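Notes follow the structure.
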Amino acid sequence: MTRFIFRLPDIGEGVTQAEIVAWHVRVGDRVAEDQTLVDVMSEKATVDMTSPVAGVVVAINGEAGDFVPVGSTLVEFEVDGVADSSDTKPVPAAAVSPKPAPPVKAPAKQAPKKTPVPPVMLAEPESAIRASTDTPLASPAVRRRAHELGIALQYVPGSAAAGRITEQDLDDFIARGGVAAAPPIDSQGDRYAKRHGVRETKLIGLRRRIAERMQEAKRNIPHFGYVEEFDMTELEALRRELNEDRRENRPKLTLLPFFMRAIVALVPEFPHINSRYDEEPGVLRSYDAVHIGIATQSDAGLMVPVVRHCESLDLWGCARELSRVTAAARDGTATRDELSGSTITLTSLGTLGGISATPVINAPEVAIIGPNKLVDRPVVRDGQIAIRTLMNLSCSFDHRIVDGHDAARFVAQLRRLIEKPARLFMDRP
Amino acid sequence: MEDDKLSLHIPTPRARPGDPVTFDHISIPAAGLVRRPEISASEEQLRDLPYDLIRVLDPDGKAVGPWNPQLSADHLRRGLRAMLLTRIFDDQLFRAHRQGKTTFFMKSAGEEAIGASQSLALRASDMCFPTYRVVSWLMARDYPVVDLVNQIYSNANDPLKGRQLPILYSARDYGFYSLSGNVGTRIGHAVGWAMASAYKRDTRIAIGYIGEGSTAEGDFHEALTFASVYRAPVILCVTNNQWAISSFQGIAGGEATTFAAKAIAYGLPGLRVDGNDFLAVHAATEWAAQRARANHGATLIELFTYRAAGHSTSDDPTKYRPTNEEQAWPLGDPIERLKQHLLGIGEWSELRHTELIAELTEHVRGACKEADAVGTFGKSKPSAREMFEDVYKEPDWRLIEQRRELGV
Amino acid sequence: MASMNMVQALNSALDLALQRDEDTLIFGQDVGYFGGVFRVTDKLQEKHGVTRCFDAPIAEGGIIATAIGMGAYGLRPVVEIQFADYILPAFDQLVSEAARLRYRSGGQFSAPITVRSPYGGGIFGGQTHSQSPEAIFAHISGLKTVIPSNPYDAKGLLLASIADDDPVIFLEPKRVYNGPFDGYHDRALKTWAEHPMGEVPEEYYTVPLGKAAIVRPGSAMTLLAYGTMVHVAAAAIEESGIDAELLDLRSIVPLDIDTIVASVKRTGRCVIVHEASRYGGFGAELSALVQERCFHYLRSPIERVAGWDTPYPYAFEWDYFPGPARVEAAMRRTLEP
Amino acid sequence: MNRSPMTQTIKTKVLVVGGGPGGYVAAIRCGQLGLDTVLVEADRLGGTCLIRGCIPSKAIIHAAGQFESMARAAQAPRFGIALDTAPRVDFAATTRWKETIVDRLNGGVRALLARAKVRVLSGWGTFSDAKTCKVATAAGEIVIVAEHVILATGSTPVELPSLKFGGRVISSTDLLSLQALPQRLVVVGAGYIGLELGIALRKLGVAVSIVEAQSQILPLYDAKLVEPLRRWLERHGVAVYVGAKVLGLNSRGDAVEAETRQGDKLTLPADRVLVTVGRQPLTSGWGLEEMAVAMHGRFVKIDDRCATSTSNVWAIGDLVGEPMLAHKASAQGEMVAEIIAGKRRRFDVRAIPAICFTEPEIVSVGQDLDAAGGDATMVGVFPLQANGRALSMDAGDDGGFVRVIARKSDHLVLGIQAVGQHVSELAGEFATAIEMGAVLEDIAGTIHAHPSLGEAFHEAVLKSLGHAIHI
């Protein structure tokens, strides 16, 4: 005599459970094959369950009105001879709750959680330290361990003869977080020993695009550099004051918004500077709108997000847009058109500043304006020595479009506005 | 109702669960009254037939009237056997679903006479384009029952290699075209097949089936157009079993006219036949077949019957019609009526009937045991490589790559 | 708030839609007295009247054609196609008429219809009860295609679709009608009662079309999924221990491209999961969009996990249905150096 | 594929097909790792190597060597030892002795598999899909359904269309079970198998001649390495015809006809014709075409983990490509077992040693002169005649030597070869040196026992560094 378990079969179309309507057998009854055992009702239909085997009922699961999940035991039989149970789904016998019950909370058996395999070492290989052609030398044991840890030996410096990688080399590599060390100092601590490491880094992605654009600009545009000293004392005072009592939704003012407003003010007088030069057809497009590119350093490299229509933004508007586009550039959410279409570019290294620079024009524009760092220095003002806040402005112009005299006049006008910021807020500066 | 305001008519059946059952709105003429025209009669002369109801067996089971096909007792007994085998098979496999041996099954309870009689009325080489309640066609042609069960279990010996839903058989050598779950889409294939036969100056004809609900599909009307235009040698049958899952035949246009009458619009003869009368169905089919073979083109036959059970294992008819409606169907049970006729002409006996039932029950149970041994659903299935075969004649690189990715 | 499965949530949405707007009506095969083969229109005819929710002939082309006619008149019909596999006879009406009516009539006519249909596999439906035709509709300009993965979204998205003035194909993953399904078919079946998205407000609310949901924030990679695959992907992430971000697209037209691009730019890796067969599936469009907009941020090829390119094979359901194991394998492939 | 209900079906984690050195090692390692494993082998456990290849041929070669030294002692005393009568050989008894060794090892393999709880099925397996294999066993048909399949069906001798096997024309398998020595043997194909067996039979007194299509015997080795062997053949009257194309048997069927490159015809009378022109992977007759596995020419295509194109179907040994060596198959088998058990492994070896048990023996590991002879390398050669141990074994006079090749830039050892009696046992040290990535200074810095043949390797290295002691 063997035991046969009859489970509530999957009666189709994703039905998860059924309610027992009426039993037609009791424990101890001998039933013939195909004899009706029980009526069950799902949301769809009332269905009579018939016995798949001939045998004696030894156990029944659930009374009328109970909800029984699909796959759980319904009836257990003692059958003569071998009969494998009708398990179509090896599902644990679910708890049966008395009537009337909301849909049965089948015990979400916590699947034995696979211990998460230690994520493969995501050592972002900075660079291979040997030519890709010659395979790294290591003993079978070292090679096996490295492979298990997902480390490509190509990036592991070998200290032994012929660059062979020892167990220690591998341990050091892992200890350093899977990053190739600075050129390995010779073991005797001799700082002047010759160093052999060569690191190859393929220019890809954003790095490659920056390289191409810079090369194109340098090759095609005859740069004319012009540096002028600006007295920023008055402007700095105004900036500090505006920042102190600014409304809380307004961003902190830096120098650049003032330059943006100054450029907007001068564009009508110098339209050819706010333009883009299309080389093939030899056409200069001058724009009424002033879209100022802001050179921004992101971890992937230099990006130039654009504040569009600066003519339509007041000082605070320029400041707000400036911080928005530069942040978007840094965290990679800047859209395609937020990164293109500038008519003139502002580039500032902020506090790093330097005393002067030769900025590369953001082709196909024709001018780039580069404020350097502020520094307090003694100067002669009206015959007296005075401590003033001074700043150099390094600009580059495309000499095909902007003559030297033009450039000098533009920078002089710029200086007049920046040194007397009040003029910035008048209609006709 | 404001007189000038419009209103939307939504057809509803005479009786819903809990209502008393009545079919007196259906006019049932006595057997033998409908005339049997010449097979070459032109369609204009036949325009009364679509509204009539051809019946041969009278209430006592006597064969009366001009449509009596004068069939031999052996032929009738083969029909009875096929119908009984179908019903016993249906009940056995319906229970198998309740025991988890398959996920889906459909009975043809009440409609066994249609497939059985038409299968025996036509030739072995004719091709039938069935719906999913015409399995009696195969039973009448002694298709191996074990292969039906293997297909229902989708086990390792499933002739359709586990790819098709249970009961959606295909058996070309038995003149049984491949079934699928879409409804109405294959009646056009029957017309096409018949046109091909005519094109090749062959002698084989086709018979296509469609449920009354599915006559709403565009496919049905397009098929009738082609059958009429090209005088295709095809018999188009509407099995009007009153129900399309929970929608009664009124939702398919049955309130306004009969389904046979649709033939008139296409210049085709339309016969309306008592679908539970083995002899009437046989006679009408013979008439249509002779007409087709004589190049007089297609005939539309409405087989007026009743779907005695639910739509499928996932349907409970008591949710949308009175529980005892099937008992009240005025045209009775096809098996009982043929049995009574055979008893009447002394060619049958109650003892032989019970013996036949026992023999067929054992035959079906044996086939199920044999299929159980190979394996029921989920316990045995063909190799998963079958999933990637017969998508095209030769598998392309996508299928090869994906079969390799799955690793079978 | 009430605990509802997806069928109840959809029923609640339809009930509210009928209640709020007399120009809304429902028809389709078996949806009237019987309440629909999946019970979605249960008791609506009884509550709102026979002309507000009634049965239709088995003529999918006719159902959509008459719905368009009603829409042109000014009604807002919500029709049901009993299984997405049976929508194809209505394809001409949906593409040549519903999708193009506003465009070709200079805005004079429009078809604000909603076409609801249970779709997807996992229930041994075989070739004609398991298919996922969303890619075909995504390709048609003029149609919107919306796919909820849980009861809360199902109600909100359906009400938004009904309110939307354009024709919307609303595909309901029938495998998760009664409970979330994560692909582990041999484990005990779960119900929505124990799932946060099974808590559904009883009052009217909408979930906007074209807005993806971040089901699980993460950094290592981005998984894009919709319908049942949201739960399969979630299980794969849980199983793999990889800190992946999972987006439930919720609608594929209109598509929330901004959320997708921002996520992939941050994680640098992308795995797309859908039930439909792979070749020309909607995953191909997603892959093209991500490649075009995030190429410089991608650190490995985009992976697609989908059904095999075969008709839906009945008995091989679990060999065909993309489960957590195949999703995890694809996730691992994107991590290989 | 209709299955009669009586067929028994077994579900297993791993199914290994082929019980040769690749298959049985994989199965044992799977067992050790706790994987439920079934091994199917139609013939005897041990495969070609153990039953009809490496082992039996080494036994016959050993016996031949004994016979030859006794025969020479009977001719003239050697180291004071003389024999009155010449030795006689009953080759049937020799092959019976060889069989005892084969049976012992075959029993050993069976015991190892049992200890590793591997279920061994003897019978021919045929696949109906990538994971289902029907095995025709004595007890009836058994169907195995596996999660992982390891294919290790090995290889079979290549048959020349012009010299079909049968009757007089024999393969290496047939030769090893001959009941009597032939008078005259013609060997077609001067690869290592043809030469090993040809030389053994020559030592046993058989008249041997060799026909080779290429221009040199042992074409895979550089000429200097083969020179001592060539001289032995010459001295022992073995006729060697290189660059000669075999046409077939003559009309009477008792001689081999061939044609030299210059066009003149050869007729070589032969009681037996040993055809050893190479081996081919066994890829037909067991349902490989039902498994959707991608091929690479005549071999099964694999990646560096021995994974085929079909998920969880692995292939190892002769089936997957050259070199067709038992120890390569075993290494692959062990690795695949560990991968299936979840470890990260790949077949990343620098050196697979190869040994010819010819007279004298040849060992080669890594690159030889053909591969690495250029000016970027440095070479050191030490003749065995200057090695005490060799002389003490009367093994110094056949022109044998040990040679090391290293990279000039960093002295990395690229290749090591040796030719001479008993050098085969040096294969281990040579392989270790190359696998560990040794440089010349590593070998130079290792004390080699005296007296031993290994010292010759040490001295060869010193020679390459320019300061050998003993030459």
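Chains as they are written, first to last, in the numbering used here: chain A, 1 to 429; chain B, 1 to 408; chain C, 1 to 337; chain D, 1 to 471. Glycine included, C-beta positions come from ideal geometry on N, C-alpha and C. In this text, all values refer to a predicted model and were calculated from it rather than measured experimentally.
Taking its Cβ as the centre, do 16 or more other Cβ atoms sit within 10 Å of residue i, making it buried, or is it exposed?
{"i": "Q29/C", "result": "buried"}
{"i": "V27/A", "result": "exposed"}
{"i": "Q70/B", "result": "exposed"}
{"i": "M4/C", "result": "buried"}
{"i": "S198/C", "result": "It is Gly, not Ser, that sits at residue 198/C in the sequence shown. G198/C comes out buried."}
{"i": "P180/C", "result": "buried"}
{"i": "M1/C", "result": "exposed"}
{"i": "Q108/C", "result": "exposed"}
{"i": "A252/B", "result": "buried"}
{"i": "G18/D", "result": "buried"}
{"i": "G407/B", "result": "buried"}
{"i": "R95/B", "result": "buried"}
{"i": "M426/A", "result": "exposed"}
{"i": "W97/D", "result": "exposed"}
{"i": "Y103/C", "result": "exposed"}
Would you tell me roughly how many angstroms separate the C-alpha atoms of residue i and residue j, rounded to the nearest one?
{"i": "E41/D", "j": "E322/D", "result": "23 Å"}
{"i": "A188/C", "j": "G71/A", "result": "8 Å"}
{"i": "G332/A", "j": "A262/C", "result": "8 Å"}
{"i": "A373/B", "j": "A109/B", "result": "27 Å"}
{"i": "L391/D", "j": "Q385/D", "result": "7 Å"}
{"i": "K164/D", "j": "D375/D", "result": "47 Å"}
{"i": "S154/B", "j": "F316/C", "result": "10 Å"}
{"i": "M106/B", "j": "I340/D", "result": "45 Å"}
{"i": "N182/B", "j": "A59/C", "result": "11 Å"}
{"i": "L342/B", "j": "D277/B", "result": "13 Å"}
{"i": "I142/D", "j": "R261/D", "result": "54 Å"}
Using a Cβ-Cβ cut-off of 6 Å (strictly less than) and excluding sequence neighbours within five positions of residue i, which residues of its own chain qualify?
{"i": "G468/B", "result": "Here chain B comprises residues numbered 1 to 408, so residue 468/B is not present and cannot be evaluated."}
{"i": "T88/A", "result": "Reliability fails at T88/A, whose pLDDT of 36 lies under 50, so the model's placement of it is uncertain and the value that follows must be treated cautiously. Cβ within range, chain order: n/a, list empty."}
{"i": "I193/D", "result": "S172 and T276"}
{"i": "D258/C", "result": "none"}
Can you name, in chain order, every residue of its own chain whose Cβ lies under 8 Å from the Cβ of residue i, other than the five neighbours on each side?
{"i": "S240/C", "result": "E328, M331 and R332"}
{"i": "V206/D", "result": "L181, P182, Q183, R184 and L185"}
Apart from the five residues on each side of it in sequence, which residues of its chain come closer than 7 Å, Cβ to Cβ, to residue i?
{"i": "D219/B", "result": "G184, T185, I187 and G188"}
{"i": "G432/A", "result": "Here chain A covers residues 1 to 429 and nothing more, so residue 432/A does not appear."}
In three-state terms, what does DSSP make of residue i?
{"i": "Y226/A", "result": "strand"}
{"i": "D274/B", "result": "strand"}
{"i": "G166/D", "result": "strand"}
{"i": "F388/B", "result": "helix"}
Problem set entry | Contact set between the segment 20-46 of chain D and chain B, restricted to residues whose Cβ is under 7 Å from the partner | none
Problem set entry | Positions along the segment 409-421 of chain D whose CB lies within less than 9 Å of some CB in chain A | S409, D410, H411 and L412
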